[in-house]
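Each residue of the sequence shown is one higher than the last, beginning at 83 in this note's numbering.
Ideal Cβ positions, reconstructed from N, Cα and C, are used throughout, including at glycine.
Working notes, beginning with the structure itself.
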Amino acid sequence: MLSTSGWRSSPPSSGCSAPSRSSSSPSPSSTDRNRTCSARSSFPSYLRRCRGSCTRGSAMGWLAGGRSRRTLPWSIAMDDTGRAVVAVNADFYRALGSCDLALMTRVWLQGPEATCVHPAWPLIEGWDAIYASWSRIFEHQPHMRAWPSDVEVTVDGQAAVVTCMENLDSSAGFVASMTQARARNAFRLTDGEWKMLHHHARPVEPRGGPARAARPRLN
């Protein structure tokens, strides 16, 4: 039985407690031929700007099917299953904002079927490679707040999908740096716990287009 519900969130009341980190960011391999990417050094390393099409991870196919979906108004009370999925999704962004690799590890399904598409990165397959990518990102990521908004949840048995807007605020002092991405997060119920199976974030272009800058490199 397919049930869907919507949910709205607001920004957190306080920033993350992670220490300031270098603004350098990792450089993914250039395997996506149809993508032209640019970055600005003041942006979080996780969220680079991307022009062109960002490839959607193929892992979403496991949820696709011929059954129709209906979207319920977000004000309708969410059941326990929906709340559990939303809680794990919130943990993902808590780990992202605080650079908490241990929490990020607990959120994910640790298997070869897990997939991830960071903004402007190619598809990453398998938990080992995903873990390595988060480790590199957190090593270079600056202090920031991260939270989801415009959250919608779709639950179908042991599978769930959350679509939301990612909000990343790495402002420091009087320098504002707010970036956003549209995200699709897939979860699977495993041993009674919801685990992230797939994450795909697509950058939202700022007004006037992305700033042009050299792509940062890892040291």
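task: Could you please give me the residues that DSSP links to Leu271 through a beta bridge?
output: In DSSP, Leu271 forms a bridge with Trp276.
query: So the alpha helix (DSSP H) Ala184 belongs to, where does it begin and stop?
result: Going by DSSP, Ala184 is part of the alpha helix (DSSP H) stretching over 183–189.
- prompt: Run through DSSP, which three-state label would Ser231 get?
  reply: The answer is strand: DSSP assigns Ser231 an E or B state.
- request: Would you mind working out which of Phe174, Pro285, Glu207, Val199 sits nearest Arg227, comparing C-alpha positions?
  value: The option with the nearest alpha carbon to Arg227 is Phe174.
task: Taking only the alpha-carbon atoms, compute the straight-line gap between Gly148 and Ser253 and give it to the nearest angstrom.
output: The predicted model places Gly148 with a pLDDT of 34, which falls under 50 and marks its position as unreliable, so this point remains unresolved.
query: Quick one: Cα of Ser250 to Cα of Trp229, how far?
result: Going by the sequence as given, residue 250 is Leu instead of Ser. Rounded to whole angstroms, Leu250 to Trp229 spans 7 Å at the Cα level.
- prompt: Hey, would you say Met247 sits closer than 8 Å to Arg264, going by beta carbons?
  reply: Yes, Cβ-Cβ distance for Met247 and Arg264 is below 8 Å.
field: Secondary structure of Leu178, DSSP reduced to three states
entry: Here DSSP, grouped into helix, strand and coil, assigns Leu178 to helix.
query: By how many angstroms is the C-alpha of Val189 removed from the C-alpha of Asn116?
result: Because Asn116 carries a pLDDT of 32, less than 50, the predicted location of this residue cannot be relied on, and no value is offered for it.
- request: Can you grab the Cα-Cα spacing for the pair Ile212 / Thr197, in whole Å?
  value: C-alpha separation (whole angstroms): 7 Å.
- prompt: Which partner residues does Asn249 have in the DSSP bridge list?
  reply: Per DSSP, Trp229, Gln262.
field: N- and C-terminal bounds of the beta strand (DSSP E) containing Val199
entry: Unbroken beta strand (DSSP E) run through Val199: 197–199.
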